[in-house]
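Below is one structure; the comments refer to it alone.
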Amino acid sequence: MKISCISIDDEPLALDLVEKFIKQTSFLDLKATFDNAIEALTFINKNEIDLIFLDIQMPDLSGMELARIIDGKKGENKPRIIFTTAYNQFAIEGYKVDALDYLLKPYSYEDFLKSTTKAYQYFENKIDSEKSTSDTKADFIFLKVEYQLVKVMLKDIAYVEAYKDYVKVHLNDKPNPLLSLTSLKSMEELLPSEKFMRIHRSYIIALDHIESVSRNTVQIGSATLTISENYKDGFMQFLNKWIA
């Protein structure tokens, strides 16, 4: 498997180093390099790219701004990002845009290889998942919890709650939710829409676990969750199908 990639950095030496490391790595296929994010965005919009090595501090359009634009694109085939930066204070922001990894300058080829191996495993798992779901849909997801990936069965999820830079995944029959460093938007894209629905800027619920519905709330277990006006019409369309 080859991973198509580009590199974006306004520092010539840094850009040359990434290009050198990419060419040393057999599973990477370098398509282009850019010294500014605006030209790179034009290229990304016209070409299918798997992976972007992206500096953060750049003039005109920063790497983080470009990452937010890419993260906002619809569809499952948007490119993934590995940040390459000298500033470690952007790590949390990187997780918010679902970056695969964060390389802190100056980094060695060993650091680069660890990061790109993680990317290779991600794309390999994605291909395997697509193959396995061509006939049947997966009944589980993996969540980043602390320093590991935790397998969670979909049937066990009661609801998902936004919590600062994290989400809380509340599970049936477990008192404490799983705390995962991701966004509610990413969870909404990950969870199957026939089983889960967003009812509030802070909540995604499992439709199978609804116990009762009042005018503006849903009861799931001991939790009473508000249905906001922005999501009420979509929820009522679902509910009207099942009203006797």
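For the sequence shown, the UniProt record's numbering assigns the number 244 to the last residue and increments by one with no breaks. Backbone N, C-alpha and C fix where the C-beta goes; we use that ideal spot for every residue, glycine too.
Test: residue i CB closer than 7 Å to a CB of chain C
i	result
methionine 197	Given the protein chain composition of this structure (a single chain), no chain C is represented.
C-alpha gap between residue i and residue j, whole angstroms
i	j	result
isoleucine 49	methionine 236	39 Å
cysteine 5	lysine 23	11 Å
histidine 209	methionine 1	40 Å
phenylalanine 43	isoleucine 52	12 Å
asparagine 176	histidine 170	7 Å
alanine 67	proline 59	15 Å
lysine 185	lysine 105	30 Å
glutamate 188	glutamine 219	20 Å
aspartate 135	isoleucine 227	At aspartate 135, the pLDDT of 48 sits below 50, so the modelled position is not reliable; the number obtained from the coordinates is stated separately. Going from the Cα of aspartate 135 to the Cα of isoleucine 227 covers about 34 Å.
valine 167	phenylalanine 83	22 Å
valine 213	histidine 200	14 Å
arginine 215	aspartate 156	26 Å
leucine 17	alanine 32	14 Å
leucine 15	asparagine 77	25 Å
Residue i - partner residues in DSSP beta bridges
i	result
leucine 154	Beta-bridge pairing links leucine 154 to no other residue.
tyrosine 163	Tyr166
serine 4	Asp29
methionine 197	Ile205
threonine 217	Thr226
serine 180	Val167
First and last residue of the uninterrupted beta strand (DSSP E) at residue i
i	result
alanine 223	223-226
leucine 207	Per DSSP, leucine 207 belongs to no beta strand (DSSP E) and is neither H nor E.
aspartate 101	101-104
arginine 80	80-85
isoleucine 52	51-54
Range of the contiguous alpha helix (DSSP H) that encloses residue i
i	result
residue 261	This structure cannot speak to residue 261, because the chain is shown only from 1 to 244.
glutamine 237	229-240
glutamine 24	12-24
leucine 66	63-71
Report yes or no: do the stretch 110-129 and the stretch 23-34 share at least 3 C-beta pairs separated by less than 8 Å? yes
Measuring CB atoms only, is the stretch 29-46 touching the stretch 3-19, in the sense that at least three cross pairs come out at less than 8 Å? yes
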